[in-house]
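Q:
Residue numbers (our numbering): -1 to 65.
1) Among 38, 25, 40, which one has its Cα closest to the Cα of residue 51?
2) Restricting to Cα atoms, I'd like to know which of -1, 11, 0 is closest to residue 46.
3) Since residue 8 and residue 28 should fall inside the 8 Å C-beta cutoff, what is the C-beta to C-beta distance between them, to a whole number of angstroms?
4) Whole angstroms are fine: how far does the CA of residue 41 sit from the CA of residue 30?
5) Give, in chain order, every unbroken run of the beta strand (DSSP E) that is at least 3 residues long and sits entirely within the stretch 3 to 56.
Shown next as structure tokens:
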């Protein structure tokens, strides 16, 4: 299983719930998120900086197949 440290910029949404969903969706595109955190917010541009640890999707599928 390979993990990767990634960063992403996410536009803040109308509600915290919608922002959470946008973060989860963006991270899923890069792999399976193990954990993530909002590390900064630019109030002027309404963009959140997110740092995450993800498992590479191909590695995750291989691990499931081997189980």
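Beta carbons are placed, not taken as given, at the ideal position from N, Cα and C, and that holds for glycine. Since the model is a prediction, treat every value here as computed from it, not as a measurement.
A: Let me spell this out:
1) 25
2) 11
3) Between residue 8 and residue 28 the beta-carbon gap is near 12 Å, outside 8 Å, which marks them as no contact.
4) 28 Å
5) 30 to 40, 45 to 53
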